[in-house]
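Residues 1 to 70 in our numbering are what the sequence shown lists, from first letter to last.
From the three backbone atoms N, C-alpha and C, an ideal C-beta is built for every residue, glycine too.
What you are looking at is a predicted structure, and each value in this text was computed from that prediction instead of being measured.
Notes for the one structure printed next.
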Amino acid sequence: MAKEGQSYERSSYYKDVDERSAEERAIDDWLPITSSRTAKWWYSAFHNVTAIVGAGVLGLPYAMSEMGCY
(Lines of atoms letter the chains of each structure in order from A and count residues from 1; the text may use other names and numbers.)
(Lines give C-alpha, C1' and ligand atoms only; values in the text may rest on other atoms or scores of the structure.)
Protein backbone atom coordinates (compact mmCIF):
# COMPACT_ATOMS: atom_id res chain seq x y z
CA MET A 1 0.00 0.00 0.00
CA ALA A 2 1.02 3.60 -0.40
CA LYS A 3 2.67 5.32 2.51
CA GLU A 4 0.97 8.12 4.40
CA GLY A 5 0.81 11.30 2.33
CA GLN A 6 1.15 9.50 -0.98
CA SER A 7 -1.61 9.28 -3.52
CA TYR A 8 -2.95 6.00 -4.79
CA GLU A 9 -2.26 6.80 -8.43
CA ARG A 10 -1.07 3.72 -10.26
CA SER A 11 2.01 5.31 -11.80
CA SER A 12 3.37 6.78 -8.56
CA TYR A 13 2.47 3.64 -6.64
CA TYR A 14 4.40 1.39 -8.98
CA LYS A 15 7.37 3.75 -9.00
CA ASP A 16 7.73 3.24 -5.25
CA VAL A 17 6.71 -0.41 -4.95
CA ASP A 18 6.62 -2.61 -8.03
CA GLU A 19 4.69 -5.73 -7.05
CA ARG A 20 3.91 -6.78 -10.61
CA SER A 21 5.34 -9.97 -11.98
CA ALA A 22 7.93 -9.93 -14.76
CA GLU A 23 5.24 -11.06 -17.21
CA GLU A 24 2.92 -8.18 -16.24
CA ARG A 25 5.76 -5.66 -16.60
CA ALA A 26 6.65 -7.06 -20.03
CA ILE A 27 3.02 -6.75 -21.17
CA ASP A 28 2.76 -3.19 -19.83
CA ASP A 29 5.99 -2.23 -21.59
CA TRP A 30 4.70 -3.72 -24.86
CA LEU A 31 1.29 -2.02 -24.82
CA PRO A 32 1.20 1.17 -26.88
CA ILE A 33 -1.11 2.90 -24.37
CA THR A 34 0.49 6.03 -22.98
CA SER A 35 -0.62 9.20 -21.28
CA SER A 36 0.00 11.14 -24.50
CA ARG A 37 -3.17 9.85 -26.19
CA THR A 38 -5.02 12.80 -27.73
CA ALA A 39 -8.09 11.22 -29.32
CA LYS A 40 -11.34 13.14 -29.11
CA TRP A 41 -14.81 11.66 -28.65
CA TRP A 42 -15.67 12.12 -32.33
CA TYR A 43 -12.70 9.99 -33.39
CA SER A 44 -14.16 7.13 -31.39
CA ALA A 45 -17.68 7.78 -32.68
CA PHE A 46 -16.48 7.86 -36.29
CA HIS A 47 -14.53 4.63 -35.82
CA ASN A 48 -17.57 2.89 -34.33
CA VAL A 49 -19.86 4.08 -37.13
CA THR A 50 -17.44 2.96 -39.84
CA ALA A 51 -17.06 -0.43 -38.18
CA ILE A 52 -20.82 -0.98 -38.04
CA VAL A 53 -21.50 0.33 -41.54
CA GLY A 54 -18.56 -1.63 -42.93
CA ALA A 55 -19.91 -4.87 -41.55
CA GLY A 56 -23.31 -4.11 -43.07
CA VAL A 57 -21.84 -3.30 -46.48
CA LEU A 58 -19.85 -6.52 -46.49
CA GLY A 59 -23.03 -8.45 -45.69
CA LEU A 60 -25.05 -6.91 -48.55
CA PRO A 61 -23.95 -9.33 -51.31
CA TYR A 62 -24.91 -12.31 -49.18
CA ALA A 63 -28.27 -10.77 -48.27
CA MET A 64 -29.02 -9.94 -51.90
CA SER A 65 -28.13 -13.46 -53.04
CA GLU A 66 -30.38 -14.96 -50.36
CA MET A 67 -33.25 -12.77 -51.56
CA GLY A 68 -32.76 -14.09 -55.07
CA CYS A 69 -31.82 -10.79 -56.68
CA TYR A 70 -28.55 -12.07 -58.11
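Query                                                                                    : Result
DSSP state of Ala39 mapped onto helix, strand, coil                                      : coil
Same chain, Cβ closer than 7 Å to Gly71, five either side skipped, listed in chain order : The structure shown does not extend to residue 71, since the chain is modelled only from 1 through 70, so no value can be given for it.
Closer than 6 Å: Ala22 CB and nearest the ligand ADP heavy atom                          : What this structure holds is no ligand at all, so the ligand ADP is not there to describe.
Which of helix, strand or coil DSSP assigns to Gly59                                     : helix
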